[in-house]
Amino acid sequence: MTREGEVSKDIGPQAIRKLKPGRLVIASHNAGKVREIRELLGPYGIEPVSAAELDLPEPEETGTTFVANAELKALQAADLSGLPALADDSGLCVEALNNEPGIFSARWAGEGKDFGFAMQRVEERLAALPPETSRDAHFVCALALAWPDGHVEWFEGRVDGTLVWPPRGGQGFGYDPMFVPAGHAQSFGEMEPATKHVMSHRADAFRQLVAAVLDQER
């Protein structure tokens, strides 16, 4: 896959680097993300260790896309740890808000990571628009897998849905309680983790990663 403006790289089978079983840094300090990624990696002989456990710093997210931010986080963690590193950059894109908060989804929650406050901000912005305004939204997840020598593979997933108010359910994290995936009645906040993992944006990106770089015979 390539970002806009980039020259396409060779992504034939010979160009994909396989991830061997062993330790892998999860380049995140978000406990909810780390938990989900651990569960998704469980069957593949990977031993996840979080950036927080290794006391790695959080880089400033200066990218303008989900993929760019995932890459810079993965590359820093791989360089500092000497291990392969997997980073996730994800967010909620509300179509009536010009796809905001988008890459700023975490920042909308403030320094205290208060996603109740972030969801309220989204709802207030929508409430200021005409009543007939669409509440369609989608989550995007970009995964970047980096090695200490600078090699990177990346994958991007998406799930579409609509927003509800007030938020529903105490499962998941982030904006999950206000997001109902298309074709379902429950919000991500109401779903059991195993149900969410089947359809989420992160699961979509992981399916691509598994097919490309992980040993599926395990």
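Residue numbers (the UniProt record's numbering): 1 to 218.
Where is the CB? At the ideal position from N, CA and C, for every residue including glycine.
Here the structure is a predicted model, which means the values were calculated and not measured.
Alpha carbons only, please: which of A109, S90, M119 and K18 is nearest the one belonging to E36? Of the listed residues, the one whose Cα sits closest to E36 is S90.
Considering G116, what are the terminal residues of the alpha helix (DSSP H) in which it resides? For G116, the enclosing alpha helix (DSSP H) starts and ends at F115 to A127.
Would you please state the rounded distance, in angstroms, between the beta carbons of R93 and H151? I believe it to be under 8 Å. The question names Arg, yet the displayed sequence has Cys at residue 93. Their Cβ separation, rounded to whole angstroms, is 29 Å, which puts C93 and H151 out of contact at 8 Å.
8 Å contact criterion, which L143 and L209 should meet: CB distance rounded: Indeed, because the Cβ distance is near 6 Å, the residues count as touching under 8 Å.
What whole-angstrom Cβ distance do V159 and M199 have, given they're in contact under 8 Å? M199 and V159 do touch by the CB rule: their CB atoms are close to 6 Å apart, below 8 Å.
Is it buried or exposed, F104, if we count other Cβ atoms within 10 angstroms and call 16 or more buried? Here F104 is exposed: its Cβ has fewer than 16 other Cβ atoms, across all protein chains shown, within 10 Å.
Member of A127, H29 and E47 whose CA lies at the smallest distance from the CA of P57: Closest in C-alpha terms to P57, from the list A127, H29 and E47, comes H29.
For I26, count the other beta carbons within 10 Å of its own beta carbon; 16 or more makes it buried, fewer makes it exposed. Which is it? Flag for I26 reads buried.
Residues bridged to F139 [DSSP beta-bridge criterion]: Here F139 is bridged, per DSSP, to L92 and V159.
Measuring straight from C-alpha to C-alpha, what distance separates D88 and E61? Going by the C-alpha atoms only, they are around 12 Å apart.
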